[in-house]
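First the structure, in the form of structure tokens, and then the observations on it.
Protein chains: 2
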Amino acid sequence: MDFANRMYGIDSSPIRKAFELARTIQNPINLSIGQPHFPCPPNIIDALTKAARDGKTSYTLTGGIPELKSAMAEKYRTQNKISYAHEDRILVTSGISSALFLLFNALVNEGDECLVVSPYFLMYPAMLKFYGGKVVPLEESFKPEDLESLKSKKFKLIIFSNPSNPTGKVLSKEQLKALANLAENTGAYLISDEIYELFDYDNQFFSIGSEYEKTITLTGFSKTYNMTGLRLATILAEDKVIKALTTLQQYTVVCAPSITQWAGIEALKTDMSAYIQDYKEKRDFVYESLKDYYPIQKSGGAFYSFFQVPVTDEEFIQRAVKKDLILVPGFIFCDQKNFVRLSFATEWDTLKRGMIALQELSKES
Amino acid sequence: MDFANRMYGIDSSPIRKAFELARTIQNPINLSIGQPHFPCPPNIIDALTKAARDGKTSYTLTGGIPELKSAMAEKYRTQNKISYAHEDRILVTSGISSALFLLFNALVNEGDECLVVSPYFLMYPAMLKFYGGKVVPLEESFKPEDLESLKSKKFKLIIFSNPSNPTGKVLSKEQLKALANLAENTGAYLISDEIYELFDYDNQFFSIGSEYEKTITLTGFSKTYNMTGLRLATILAEDKVIKALTTLQQYTVVCAPSITQWAGIEALKTDMSAYIQDYKEKRDFVYESLKDYYPIQKSGGAFYSFFQVPVTDEEFIQRAVKKDLILVPGFIFCDQKNFVRLSFATEWDTLKRGMIALQELSKES
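Here the protein sequences line up with chains B and G, keeping their order. Its first residue numbered 1155, the first sequence is counted upward by one per residue in our numbering. Its first residue numbered 1155, the second sequence is counted upward by one per residue in our numbering.
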């Protein structure tokens, strides 16, 4: 008995492997985790439990509860300056991963070329390959003029995370406009994954959807409010895209978890600035601690630092483990094999121990 | 900009259309709904809110929390008599639809023939076609000897819901053994969708997994405890199947909603017999009310009755709407066009109004 052919290209996520590894070490310095270290704020928990007590345990409409869609439309209009945002253009999904899966499933045919800003969130190439798409990487440091030579190509989609997982890079407005321009020229869908939008330490973040109406904008609740286990995200896109994805969702998760949707409305009212400020200080601390030891750039957003190490990533990860330090190898995010990803979404104590370990590791060769 | 080819075969579920229709009628007699009318029991709500207050809002392990898997293994061993059930063989998913989607995605290649017991849950053919599978229907009234002629075929999978949505039929032990035998002979995966297992009014239900170890057994929480919006189900299968599906889940929903998983443990301890008894009485009432008006069989399980009407289903549905009665047309569940599905998961008042409307409708022609 065989599986479908598409299954033979996918493998367990190495991030999950790091997760398992961390469980085997007592008191690990775990800098591999892609989720905030702070708890989900209590007012969101209250909204969640209120929805449960009010009996909101049944299926919702496939596309999501109107109240959340309406609140999201308002958020897009005011915070992201996306003037055309309206609830008919919004689909509520069971987390960003679910949103990406719907999108790739709905869009990608065997052989389709897809432009992926690199380094990339590992799910993009994994799922694109699953459906037979071909990944064309584009270095995140690209200049607008670098895209000229690509205008004669035919891309099915262009995708990036902004701010970036794994590098923390915030794409500039010029870069984003150039990508939108390329999408328009090549007939590609432009997918802007903005799950880390609030983690923007130097006020550089810009939603390209505010300029280019055909953008497919992905917004998650997981990272911002530490609701990773509650599974909630939204997709903002043109009517016909939302309609098709909603139909597909009827046959996949049916609807996002009902009570999480109600909690999402409360989440949008929550002030997270103290947490963001804390992460900004951690971002600075990581940079200051490592800049004399590694070639490292200051992250603009998200809660990651991605830097080159003196040996292969796999070798470096093994050396780190001997110091109880857990990192994620860079090869899963790009074609390079001598980078690592560090998450600074953790307690100060852990982060400080991690910096000492990394300073020591830089001297081994 | 086009969608992927696979998207052009799928359409909005007509059940969802009925759902929308019901919203336009004041005080409708809605017998279209595929979920229990009773509330989710309070002890389950308590477990849900406790998990939220305890901060269980982060990602869980992809395969599900060990505590739920362990409780499910115990349930499979004691209630379903599946002696080999063990937590390594269990994957926790975001509802049965999600489980089916993982399975079809992981198993079905273009052109694969799949045996589907008919009438069938509409998602089976919809998703099989989505991945290029070919549906071979098998009448649910089949006799074991009818399968002899199929033994030379090569099926990728054999799937059925037991008890059945939409007919309420509970397959006999002999039928199930014959299907297992056919699976063994043809190398097919045997998928037993047991989401309605507790709705078994005459003690006929039998888990074929207890006899045939290669069975893929699907168990849901949604229908039993009215947790349809909370998204929880489990898959019990051979190790290698669970391993592959778990990998795929990393790239889809990542994990089932965390707090729902904790609530699931409590759900397993909940006595639902009073609700089941109420539905048994409703099952009898529907049969007694309609048997002199329509050719109808008494349902053995689930909460549906599926019967022939004197005109086409579409015509009958339209006539019913004029009496504020909402039903689901049979054509979406089988090749016949003169059946309707009625759900008796509703209040007595509504059900009584529905029976009167149906008695009146039988006289129109």
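By construction, the Cβ of each residue, glycine as well, lies at the ideal position given by its N, Cα and C atoms.
Output, in chain order, the set of chain G residues within a Cβ distance shorter than 9 Å of residue i.
{"i": "Phe1485 of chain B", "result": "Those within 9 Å of Phe1485 of chain B in chain G number zero; the least Cβ separation is about 17 Å."}
{"i": "Gly1217 of chain B", "result": "Near Gly1217 of chain B there are no residues of chain G at all, since even the closest Cβ is about 10 Å away, more than 9 Å."}
Pick helix, strand or coil for residue i, following the three-state DSSP scheme.
{"i": "Phe1493 of chain B", "result": "strand"}
{"i": "Glu1267 of chain G", "result": "strand"}
{"i": "Ala1415 of chain G", "result": "A small fix is needed here, since residue 1415 of chain G is Gln in this sequence, not Ala. DSSP places Gln1415 of chain G in helix when its eight states are reduced to three."}
{"i": "Val1482 of chain B", "result": "strand"}
{"i": "Leu1330 of chain G", "result": "helix"}
{"i": "Asp1156 of chain G", "result": "coil"}
{"i": "Glu1392 of chain B", "result": "coil"}
{"i": "Gln1106 of chain B", "result": "This structure cannot speak to residue 1106 of chain B, because chain B is shown only from 1155 to 1519."}
{"i": "Asp1199 of chain G", "result": "The sequence given here has Ile at residue 1199 of chain G, not Asp. Of the three classes helix, strand and coil, the one that applies to Ile1199 of chain G here is helix, per DSSP."}
{"i": "Leu1372 of chain B", "result": "strand"}
{"i": "Ile1236 of chain G", "result": "coil"}
{"i": "Thr1178 of chain B", "result": "helix"}
{"i": "Thr1378 of chain B", "result": "helix"}
{"i": "Asp1165 of chain B", "result": "coil"}
{"i": "Ile1430 of chain B", "result": "helix"}
{"i": "Asn1335 of chain B", "result": "helix"}
{"i": "Ala1387 of chain B", "result": "strand"}
{"i": "Val1246 of chain G", "result": "strand"}
{"i": "Ser1318 of chain G", "result": "coil"}
{"i": "Ser1453 of chain B", "result": "coil"}
{"i": "Asp1446 of chain G", "result": "coil"}
{"i": "Asp1425 of chain G", "result": "coil"}
{"i": "Asp1438 of chain G", "result": "helix"}
Over the uninterrupted alpha helix (DSSP H) stretch that includes residue i, give me the two end residues.
{"i": "Lys1508 of chain G", "result": "The amino acid occupying residue 1508 of chain G in the given sequence is Gly; Lys does not appear at that position. Trp1502 to Lys1517 is the extent of the alpha helix (DSSP H) around Gly1508 of chain G."}
{"i": "Phe1255 of chain G", "result": "Ile1250 to Leu1261"}
{"i": "Val1290 of chain G", "result": "Careful: Val1290 of chain G lies outside any alpha helix (DSSP H), inside the beta strand (DSSP E) at Lys1288 to Glu1293."}
{"i": "Ile1471 of chain B", "result": "Asp1467 to Lys1476"}
Do residue i and residue j have their CB atoms nearer than 8 Å?
{"i": "Lys1327 of chain B", "j": "Phe1353 of chain B", "result": "no"}
{"i": "Val1440 of chain G", "j": "Leu1481 of chain G", "result": "no"}
{"i": "Pro1193 of chain G", "j": "Asn1380 of chain G", "result": "yes"}
{"i": "Phe1457 of chain G", "j": "Leu1444 of chain G", "result": "no"}
{"i": "Phe1296 of chain G", "j": "Glu1267 of chain G", "result": "no"}
{"i": "Ser1364 of chain B", "j": "Asn1234 of chain B", "result": "yes"}
{"i": "Leu1399 of chain B", "j": "Ile1389 of chain B", "result": "yes"}
{"i": "Leu1311 of chain G", "j": "Val1290 of chain G", "result": "no"}
{"i": "Gly1484 of chain B", "j": "Asp1467 of chain B", "result": "yes"}
{"i": "His1216 of chain G", "j": "Gln1404 of chain G", "result": "Before going on, a small fix: residue 1216 of chain G reads as Thr here, not His. Taking 8 Å as the Cβ cut-off, Thr1216 of chain G and Gln1404 of chain G qualify as a contacting pair."}
{"i": "Ala1387 of chain G", "j": "Ala1239 of chain G", "result": "no"}
{"i": "Pro1411 of chain B", "j": "Ser1248 of chain B", "result": "yes"}
{"i": "Leu1479 of chain G", "j": "Lys1229 of chain G", "result": "no"}
{"i": "Leu1344 of chain G", "j": "Ile1362 of chain G", "result": "yes"}
{"i": "Ala1227 of chain G", "j": "Glu1241 of chain G", "result": "yes"}
Over the uninterrupted beta strand (DSSP E) stretch that includes residue i, give me the two end residues.
{"i": "Phe1309 of chain B", "result": "Phe1309 to Ser1315"}
{"i": "Glu1302 of chain B", "result": "It is not in any beta strand (DSSP E) - Glu1302 of chain B carries neither H nor E in the DSSP assignment."}
{"i": "Asp1347 of chain G", "result": "Tyr1343 to Asp1347"}
{"i": "Ser1224 of chain B", "result": "Ser1224 of chain B -> not in any beta strand (DSSP E); alpha helix (DSSP H) instead, spanning Pro1220 to Thr1232."}
{"i": "Lys1283 of chain G", "result": "Segment Met1277 to Phe1284 is the alpha helix (DSSP H) holding Lys1283 of chain G; no beta strand (DSSP E) there."}
{"i": "Glu1365 of chain B", "result": "Unbroken run through Glu1365 of chain B: none, as it is neither H nor E."}
{"i": "Leu1215 of chain G", "result": "Segment: none, Leu1215 of chain G is in no beta strand (DSSP E) and carries neither H nor E."}
Taking C-beta pairs closer than 7 Å, name the residues in chain G that residue i reaches, listed in chain order.
{"i": "Leu1133 of chain B", "result": "Only positions 1155 to 1519 of chain B appear in the structure, and residue 1133 of chain B is not among them; the question remains open."}
{"i": "Gly1249 of chain B", "result": "Val1407 and Val1408"}
{"i": "Phe1255 of chain B", "result": "Tyr1405 and Thr1406"}
{"i": "Pro1449 of chain B", "result": "Neighbours of Pro1449 of chain B on chain G: none; closest Cβ ~31 Å, over 7 Å."}
{"i": "Leu1333 of chain B", "result": "Simply none; closest approach about 15 Å."}
{"i": "Pro1411 of chain B", "result": "Gly1383, Leu1384, Arg1385, Pro1411 and Thr1414"}
For residue i, which residues in chain B fall below 7 Å Cβ to Cβ?
{"i": "Leu1304 of chain G", "result": "None at all; the shortest Cβ gap to chain B is about 17 Å."}
{"i": "Asp1242 of chain G", "result": "Correct list: empty, because the minimum Cβ distance to chain B is about 14 Å."}
{"i": "Leu1481 of chain G", "result": "Residues of chain B passing the Cβ test: none, with the nearest at roughly 18 Å."}
{"i": "Ser1252 of chain G", "result": "Thr1406 and Val1407"}
Give me the chain B residues within the contact set of residue i, using Cβ-Cβ distance strictly less than 9 Å, ordered along the chain.
{"i": "Lys1283 of chain G", "result": "Simply none; closest approach about 11 Å."}
{"i": "Cys1194 of chain G", "result": "Ala1206, Gly1209, Thr1211 and Ser1212"}
Show which residues of chain B have a CB atom less than 8 Å away from the CB atom of residue i.
{"i": "Phe1457 of chain G", "result": "By Cβ distance, chain B contributes nothing, its closest Cβ being about 15 Å from Phe1457 of chain G, past 8 Å."}
{"i": "Arg1207 of chain G", "result": "Ile1199 and Thr1203"}
{"i": "Asn1380 of chain G", "result": "Thr1211 and Ser1212"}
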